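First the structure, in the form of structure tokens, and then the observations on it.
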Amino acid sequence: MKELLEKLIEAVELGKVDKKSPYPPQLKDQDGAFEIAKNALDQGCKPEEILENALIPAMANVGNRFSRKEIYVPQMLMSAKAMSGAMIHLKPFFQSGETKRKGTFVIGTVSGDLHDIGKNLVAMMVEGGGWEVIDLGVDVGPDKFIKAVEEKPDAVIGLSALLTTTMENMNKIVTDIKTKHSGTKILIGGAPVTHEFCKKIGADFYSPDPQGAVNYLKQLATDR
Ligand code: B1M
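Each number in the numbering used here corresponds to the 1-based position in the sequence shown with 1 added.
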């Protein structure tokens with residue numbers, strides 16, 4: 002089993018989605034994350050073992066290498082795709098409640114902003130970190146976030162903005178959420194966002210990259 006999980010780690014780190022995927026060239030015609038995860042389940046490996054001992058460490062490694070600028074967006078995207086390939090087999094166990102997630106993360110790009118590439122990366126990395134992710138999409142205003150908190154009171158909220166203009170909309174969203182649900186944790190990010198801005202608008206945490214978001218959530222789950 003250890004060997005299968007090591008193969009799964011390698012597939013995710015190198016971004017090998019499934020057998021027919023041509024990327025990366027050195028793994029051509031070999032099983033990808035999709036097949037290896039299915040194989041591991043068929044051989045009796047528990048879904049949480051696959052998540053904890055293969056997908057989470059693989060994605061953490063990918064996230065740290067991205068933070069250190071050793072790999073770039075396309076490689077991280079391929080790894081996230083490979084992780085999603087494996088998750089196809091694991092999701093039914095999480096959805097049925099048979100296997101528990103670490104918590105719920107609700108993410109969206111804020112009102113007026115249509116940029117979603119960074120937001121999607123954060124969503125995929127957080128999912129790879131063992132969280133249920135609810136992606137509200139782009140151009141999301143305060144009401145939708147508040148509705149999501151009311152449906153999932155323990156959820157952590159993630160706001161993404163790529164424009165200096167829409168970044169200002171984060172302020173209203175944070176204020177509205179905190180006014181109604183003061184205990185809700187809010188994490189913000191996106192190219193123009195800074196730590197100082199985060200403090201100014203009363204959000205709980207700023208992360209410049211997906212791994213920082215994963216690490217913050219991991220810390221929150223430990224503290225709860
Ligand atoms: Co737009 N755009 N764009 N654009 N666009 C930028 C952002 C811009 C810097 C380009 C420029 O002028 N040099 C500029 C913003 C200027 C500013 O405000 N300072 C700009 C502009 C002006 C615009 C329009 C206004 C252009 C126009 O129509 N006149 C318009 C606005 C539309 C709107 O949103 N209402 C617009 C439109 C678009 C497209 C639709 C064409 C397209 C978006 C497609 C899409 O997302 N589906 C687009 C793109 C692609 C870009 C650039 C080229 C790339 C953005 C991107 O995806 N980067 C961008 C210029 C650039 O960055 N070189 C630009 C890759 C992505 C992985 O990085 O999103 O930063 P990023 O995410 C990072 C981190 O920021 C962090 O993690 C990610 C991975 O490291 N992160 C988080 C992000 N969210 C996070 C949340 C977290 C934590 C971390 O916690 C919750």
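In this text, a Cβ means the ideal position worked out from N, Cα and C, and glycines have one as well. Given the structure is predicted, the values throughout are model-derived calculations rather than measurements.
D114 versus V107 - alpha carbon distance
17 Å
Would you say the beta carbon of D114 comes nearer than 6 Å to a heavy atom of the ligand B1M?
yes
Coarse secondary structure for D136, derived from DSSP in three states
strand
V18, enclosing beta strand (DSSP E) - first and last residue
Segment: none, V18 is in no beta strand (DSSP E) and carries neither H nor E.
List in chain order: all unbroken alpha helix (DSSP H) runs of 4+ residues lying wholly within the stretch 100-144.
118-129
Around the C-beta of K21, are 16 or more other C-beta atoms found within 10 angstroms, so that it is buried, or is it exposed?
exposed
Applying the 10 Å Cβ sphere with the 16-neighbour rule, what's the burial state of I118?
exposed
contact_flag[the stretch 123-134, the stretch 48-66] where n(CB pairs < 8 Å) is 3 or more
yes
Go through its chain and collect everything with a Cβ distance to K219's Cβ below 7 Å, but skip five positions before and after it.
G130
A81, buried or exposed, once every other Cβ within 10 Å from all chains shown has been counted against 16:
buried
Below 7 Å between beta carbons: does that hold for I51 and A34?
no
When you compare the stretch 88-95 with the stretch 164-172, are there three or more beta-carbon pairs, one atom per stretch, that lie closer than 8 Å?
no
With DSSP as the reference, identify every bridge partner of V157, one or two as the case may be.
F106
For L188, three-class secondary structure by DSSP
strand
For the ligand B1M, is there a heavy atom less than 6 Å away from the beta-carbon of S161?
yes
Check Y73 in the structure and name its three-state DSSP category.
coil
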